[in-house]
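Below is one structure, written out as structure tokens; comments come after it.
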Amino acid sequence: LRPVLEEMLYIAMEDYEIDWVIGQGPAARTIRIPIPKFTLIGATTKAGQISPPLYSRFGITCRIEFYQEEDLQNIITRSASIMETKISTSAVKLLSKCSRGTPRIANRLLRRLRDYAMVMGDGTITDEIVQLSMSRLGIDLQGLEEQDRNILRTIIEFYGGGPVGAETLAISVGEAIESLEDFYEPYLIQKGYLKRTPRGRMVTPLAYELLKMPYNGGMSHENQGLLF
80 LRPVLEEMLY IAMEDYEIDW VIGQGPAART IRIPIPKFTL IGATTKAGQI
130 SPPLYSRFGI TCRIEFYQEE DLQNIITRSA SIMETKISTS AVKLLSKCSR
180 GTPRIANRLL RRLRDYAMVM GDGTITDEIV QLSMSRLGID LQGLEEQDRN
230 ILRTIIEFYG GGPVGAETLA ISVGEAIESL EDFYEPYLIQ KGYLKRTPRG
280 RMVTPLAYEL LKMPYNGGMS HENQGLLF
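Heads up, the numbering used here is the position in the sequence shown plus 79, with the first residue counted as 1.
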């Protein structure tokens, strides 16, 4: 937010009033207008970009974690009921594993599964429907998409496992740096396939195992050259 907007919020949050400027130039004057009491709820994925004065004025600050699979299963079951779609209990569990801990993704995939079930089956979402659909969508049972695997593969094949800078990596995989940092990296880090270091991004041994690629001990081509 611009500083002037933040300052307006300060007064509103603390005193339930806002300052309003009337007129222009030397004749301008400010009047304070009382407003009804309200509750302000803010949400962001980049808390570090909120100025400390604004951040400290929120009475309660919470951090929202990824949903657990059990919670996602309840959400998927409820959504399927609303959509009037039949889904087996085991299929619900499989889908919850593919949803990256995010209800929005779970509901999006559920709609695609419904379509597959109607075309390839009798309308009921089964384990087979989930596995076949996820395979065709390029999503594995950990929720990793083709671009996730492409990011890991690029770091290994072109940068010897890392480290590599975010901008360079984003260009290499044809992805906007914002998408790389906000969507792909957090989940890859959470699953243990990627780590951030002061020098850049590096894959972990789990990434080599996932992609079935030989592990070179985590040493980049650049560092290997220093041995000779």
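We treat Cβ as the ideally placed atom computed from N, Cα and C, and that holds for glycine.
Glutamate 163 carries a coil assignment under DSSP once its states are collapsed to helix, strand and coil. Around the CB of arginine 193, 16 or more other CB atoms lie within 10 Å, so the residue is classed as buried. Note on geometry: alpha-carbon atoms of arginine 179 and threonine 118 lie some 31 Å from one another.
The bridge partners DSSP lists for arginine 108 are Ile101. In the three-state reduction of the DSSP assignment, arginine 280 falls in the strand class. Put simply, the backbone Cα of arginine 228 is about 49 Å away from that of lysine 116.
Excluding sequence positions up to five before and after lysine 172, its CB lies within less than 8 Å of the CB of Glu148, Gln152, all in the same chain and listed in chain order. Comparing alpha carbon positions, the residue from Ile155, Thr156, Ile129, Lys125 closest to isoleucine 143 is Lys125. Assignment of lysine 274 by DSSP, reduced to helix, strand and coil, places it in the strand class. Closest by C-alpha distance to alanine 255, out of Ala122, Gln226, Ile110, is Gln226.
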